[in-house]
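**Q** Chains V and P, in that order, give the protein sequences. First residue of the first sequence? That's 456 in my numbering, and the numbers climb one at a time after it. First residue of the second sequence? That's 2 in my numbering, and the numbers climb one at a time after it.
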Amino acid sequence: MGIRLYEEPKVENPVLIASWPGIGNIGIIAVNYLRQMVKAREFGEIEPWDFFEPRRVLIEGGLLKELEFPSSKFYFQRTKNRDLIFFVGEQQPTESGTPYPGGRKVLEIANLVLDVALKFGCRRVYVSGAALAPIHHMARPRVWAVPNSESLVSEVKSYENTVLMSDVEGRGGQGSITGLNGLLLGVAKKRGLEAVCVLGEIPFYLQGLAMVYPKASKSVLEVLTKVLEIGIDFSVLDKMVAQVEQGIGHLEAQFYEQAPPEVAERIKTWLESFKHKPAESRPITEEDQKWLKEHIDELFKRGGEEDDRPL
Amino acid sequence: MTDLFRFSRQPEFRNPSLIVGFSEDAGRLAPKVIDYLNEKIKGDSFCEIEPSEFFSLGGVAVEDNVAQFPDGRFYCGERDDLVIFKGSEPRFGRYQFLQTVLDVAQHHCRIKELYTISGTISSIAHTTPRSILTVFNQPEFQEKLRGYGLENMNWEGWPALNSLLLWVAERRNIPGVSLWPVIPFYLAAVDDSEAQKRVLEFLDKRFGLGIDFSDIDEEVAKQNEKIAQLRVRSPEVDDYVQRLESNLTLTEEESERLAREVEEFLK
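If you want it as structure tokens, here you go:
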């Protein structure tokens with residue numbers, strides 16, 4: 456079990472930017488987009504077989520040609536203002552016997568990622584994921600930032616369109632980040648590395664759908680590129696955002712047509728209240744949230760079954 | 002973590018081959034072949050894999066009214082050139098499980114070759130001769146076994162446990178082959194004695210086991226006779242089998258009905 460480096464990049468005080476798949480693939484889309492925009496080069500990987508099941512075998516003419524595992528790769532690039540190391544994991548290891556990330560393996564993989572970061576002199580880590588929030592899908596998602604030390608709080612507060620847990624209504628500064636996108640923060644803290652997790656907001660009613668949500672990835676990227684002083688072209692991401700928004704709009708329209716009028720009206724009213732000013736809107740009660748989620752999930756799923764256009 | 006395996010005795014081997022089969026298999030192929038082999042070579046267990054790392058031990062599963070418990074054991078008999086492993090498929094930690102199997106086989110038994118056995122379901126009739134499809138992890142080994150009447154497999158998709166084992170063996174430079182005899186789909190839930198015989202014939206030839214096949218021939222004849230009775234009794238079953246014999250396909254519903262009828266009749 457271990458790390459395989461194809462080359463030893465010459466980098467100075469690089470920043471590590473890492474992500475694994477999660478809700479809406481917000482973090483991984485952001486990190487992959489940035490990686491591609493700065494043309495980062497692959498330089499290593501974590502050997503997968505101890506962590507993951509193979510997902511495909513290729514047998515040709517009676518010979519086992521290839522066994523394919525989910526990848527966990529490192530990339531690097533030197534930009535004008537900052538040297539960057541990227542880590543992109545295609546899958547999170549799961550707890551034995553469950554489909555959920557956890558157990559010994561997630562800790563091992565987090566440590567391996569940081570082994571590489573430390574080897575190349577990295578002192579700062581950014582990791583990215585999703586934050587479920589009571590927002591409308593037409594609203595601009597905010598970024599929730601969670602640092603792993605108090606000394607980073609004031610810095611994080613200065614990020615544009617960014618809130619701390621304590622700024623999020625009803626949270627009182629408390630919360631949790633599930634999976635490796637959160638765990639890496641803690642492991643980095645233990646190993647003396649500064650780390651910040653930037654979570655893009657996704658409307659909570661979309662969490663049950665197997666869809667990407669690039670709008671939140673864009674919010675994350677706007678923060679990261681500013682902090683790292685990197686200029687990138689957002690046009691490809693903007694196209695993806697427009698496509699997904701159109702898909703959701705289509706489902707929403709279908710949903711109002713099919714729902715009982717009283718359910719449709721209640722949901723419409725609620726969604727409208729969050730449309731443009733998520734931070735100022737009133738918090739919804741837990742009871743409201745449960746009711747809305749049940750109905751919206753059911754209706755979006757129904758819409759998805761009848762129209763399988765990719766989101 | 003507990004020790005992953007435990008020896009009850011330490012037999013001596015001379016360049017042995019490892020034959021692996023898992024308990025759950027189409028046509029009960031692997032467990033039947035392994036049990037038959039063990040009986041022939043007077044095999045006895047000498048090492049077992051500890052289940053706690055690879056199975057959920059929060060209770061026991063009950064199958065056909067009988068409580069089950071995961072098992073993974075190595076066997077050997079009077080011959081010093083054969084090691085046999087029979088086990089339940091691990092619920093999790095598959096890579097670690099297979100590493101453990103090969104740790105025992107390579108470091109303690111010094112195996113030179115690996116053979117895995119597993120049935121593959123096909124839409125053939127039971128009257129069709131069974132072929133053995135194969136997957137090798139080294140072209141040299143494939144060449145070495147030319148002349149045994151094996152057929153090459155082509156496949157792309159989700160990997161079976163035996164494919165992963167073959168891959169792990171290759172990483173240790175152990176030549177290996179997976180034997181995949183074809184099983185008529187309607188015999189998948191019951192015994193396929195014909196396919197079992199086909200694999201045993203290969204192993205007999207490869208290892209010079211001197212197997213007297215009269216008992217298994219009797220099993221094959223008995224099963225064929227029973228299916229023939231069912232065909233007489235049920236024109237529908239006869240029609241389905243005839244169509245399969247003519248290389249025609251059945252609908253999903255027809256296939257299910259045939260499998261159910263045969264299974265109920267043979268059980």
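Each residue gets a CB set at the ideal place from its N, CA and C atoms; glycine is no exception.
Under a three-way DSSP split, which group does S613/V fall into?
**A** Here S613/V sits in coil by DSSP.
**Q** Comparing alpha-carbon positions, which option in V466/V, R721/V, P716/V lies nearest F575/V?
**A** With distances taken between Cα atoms, F575/V lies closest to V466/V.
**Q** Taking K560/V as part of the alpha helix (DSSP H), name the residues at either end of that continuous run.
**A** Residues 559-574.
**Q** Less than 9 Å separating the beta-carbons of G158/P and V618/V?
**A** For G158/P and V618/V, no; Cβs fall outside 9 Å.
**Q** Need the endpoints of the beta strand (DSSP E) that Q532/V sits in, please.
**A** 527-533 is the span of the beta strand (DSSP E), which, as asked, contains Q532/V.
**Q** What residue ranges within the region 664-707 of chain V form continuous beta strand (DSSP E) runs of no fewer than 3 residues, ordered along the chain?
**A** Here no run is fully enclosed.
**Q** In the structure shown, what three-state DSSP assignment does E508/V receive?
**A** E508/V: coil per DSSP, three-state reduction.
**Q** Do you know how far the Cα of N603/V is from the Cα of S621/V?
**A** If you take the alpha carbons of S621/V and N603/V, they lie about 14 Å apart.
**Q** Which runs of the alpha helix (DSSP H) at least 4 residues long sit entirely within the region 119-147 of chain P? Give them in chain order.
**A** If we require 4 residues or more, the alpha helix (DSSP H) runs fully inside the region 119-147 of chain P come out as 140-145.
**Q** Out of Y76/P, S119/P, R7/P, which one is the CA nearest neighbour of L166/P?
**A** Out of Y76/P, S119/P, R7/P, S119/P has the C-alpha closest to the C-alpha of L166/P.
**Q** Just checking my contact of G73/P with D45/P at CB under 8 Å: how many whole Å lie between their CB atoms?
**A** Actually they are not in contact, since the Cβ atoms of G73/P and D45/P sit about 16 Å apart, beyond 8 Å.
**Q** F55/P by DSSP, collapsed to three states: which one?
**A** In this structure, F55/P counts as coil in the three-state DSSP scheme.
**Q** Do L151/P and T135/P come within 9 Å of each other at the CB atom, strictly closer than that value?
**A** Contact flag set, yes.
**Q** Are any of the Cβ atoms in chain P nearer than 9 Å to that of P738/V?
**A** Confidence is the limiting factor: at P738/V the pLDDT is only 44, short of 50, which leaves the residue's position unreliable and the question unanswerable from this model.
**Q** Name, please, each residue of chain P whose Cβ falls closer than 8 Å to the Cβ of L522/V.
**A** Residues of chain P passing the Cβ test: P160, S164, L165, W168.
**Q** Taking the alpha-carbon positions, what's the S247/P to E265/P distance?
**A** Going by the C-alpha atoms only, they are around 24 Å apart.
**Q** P32/P and F56/P look like a contact to me (Cβ under 8 Å); what is the Cβ gap, rounded to whole Å?
**A** About 17 Å; that fails the 8 Å criterion.
**Q** List the residues of chain P that E508/V touches, going by C-beta distances under 7 Å, in chain order.
**A** Those within 7 Å of E508/V in chain P are R95.
**Q** In chain order, what residues of the same chain lie with their CB nearer than 7 Å to the CB of D4/P, ignoring the 5 residues before and after it?
**A** So the list reads E51, once near-sequence residues are dropped.
**Q** Mapping DSSP to helix, strand and coil, what is N174/P?
**A** Reduced to three states, the DSSP call for N174/P is coil.
**Q** Using 9 Å as the threshold, is the C-beta distance between P596/V and S674/V below it?
**A** Contact: yes.
**Q** At a Cβ cut of 8 Å, what residues of the region 41-59 of chain P count as close to chain V, listed as they run along the chain?
**A** Listed by position along the chain: S57.
**Q** Figure out for me which residue from I703/V, I484/V, P509/V has the closest Cα to the Cα of L692/V.
**A** When each option's Cα is compared against that of L692/V, the closest is I484/V.
**Q** Taking 9 Å as the CB-CB limit, is G457/V close to chain P?
**A** Output row for G457/V: interface = no.
**Q** Closest Cβ-Cβ distance between E735/V and chain P: below 9 Å?
**A** Bear in mind that the predicted position of E735/V carries a pLDDT of just 45, short of 50, making it unreliable; the figure below should be weighed with that in mind. So no, E735/V is outside the interface.
**Q** Taking its Cβ as the centre, do 16 or more other Cβ atoms sit within 10 Å of G28/P, making it buried, or is it exposed?
**A** It counts as buried.
**Q** Looking at C-beta atoms only, is the number of pairs between the region 636-644 of chain V and the region 666-681 of chain V that lie closer than 8 Å three or more?
**A** With a cut-off of 8 Å, the region 666-681 of chain V and the region 636-644 of chain V do not count as touching, because too few Cβ pairs lie within range.
**Q** For G501/V, decide whether its Cβ has a neighbour in chain P, counting only Cβ atoms nearer than 9 Å.
**A** It should be pointed out that residue 501/V corresponds to Ile in this sequence rather than to Gly. Output row for I501/V: interface = no.
**Q** Evaluate V582/V with the Cβ neighbour count: other Cβ atoms within 10 Å of its Cβ, from every protein chain shown; 16 or more gives buried, anything less gives exposed.
**A** Under this definition V582/V is a buried residue.
**Q** Excluding the five sequence neighbours on either side, which residues of its own chain have a C-beta within less than 6 Å of the C-beta of P464/V, listed in chain order?
**A** The answer, listed in chain order, is F498, F531.
**Q** Beta-carbon within less than 8 Å of G148/P's beta-carbon, same chain only, minus the 5 sequence neighbours each way: which residues are those?
**A** Excluding residues within five positions, none has a Cβ falling inside 8 Å.
**Q** Taking V598/V as the reference, give the member of I657/V, P715/V, P716/V with the closest Cα.
**A** Of I657/V, P715/V, P716/V, the residue nearest in Cα terms is I657/V.
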